[in-house]
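These notes concern the structure reproduced below.
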Amino acid sequence: TRTAISLVPHTTPSSQKLKALLSGLSEGFQQMIANKTTEEEAYRQYRQLVRQEKKAKTSNCCKLTQATVVTSEIVIHLQEQQERVDAIKAARKVKKESIQPGPSPTAQKGTRFKTVSAPNSPTLDPTSLPLPLFDEAEDLWKEMEALEVHGDS
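Anchor point for the sequence shown: position 98 equals 98 in UniProt numbering, and the numbering is continuous, going up by one each time.
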């Protein structure tokens, strides 16, 4: 653009307008180049940060990162909550099965059912029920691997 500006004669008003347009065009190109350079630098820094985070993760079970420890604690907490819920559901199911149901609401009219009352069974404490046996370490590692796979995407 400097060459183009130097080729324009200085005396006429139209040449002054042409010079102003060329200098404005030059400033626009300079601004565009500056923006592109800034965006490239920001992208480079972002990529560097992502690479550092990926290096922090490890597949070695002896070296756990802080993120993995937090994730494993959450998994254990969720498993304990699910066990409590399953125990409560089992207690409700046992209690429901111990009581004979009355006539069905979908029964045909005119059909009579004999109502039989069962003796009351003792109420079960959900915390006294045996919890299902499983290999906790294996399940924990499977859960952590699943979370790591879903967390990367």
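By construction, the Cβ of each residue, glycine as well, lies at the ideal position given by its N, Cα and C atoms.
Own chain, CB closer than 7 angstroms to residue i, minus 5 neighbours either side, in chain order
i          : result
residue 15 : 8, 9
residue 31 : none
Outcome for residue i when other beta-carbon atoms lying within 10 angstroms are tallied against a minimum of 16
i          : result
residue 20 : exposed
residue 87 : buried
Contacts around residue i, its chain only, beta-carbon distance under 8 angstroms, and the 5 residues preceding and following it disregarded
i          : result
residue 75 : 140, 143, 144, 147
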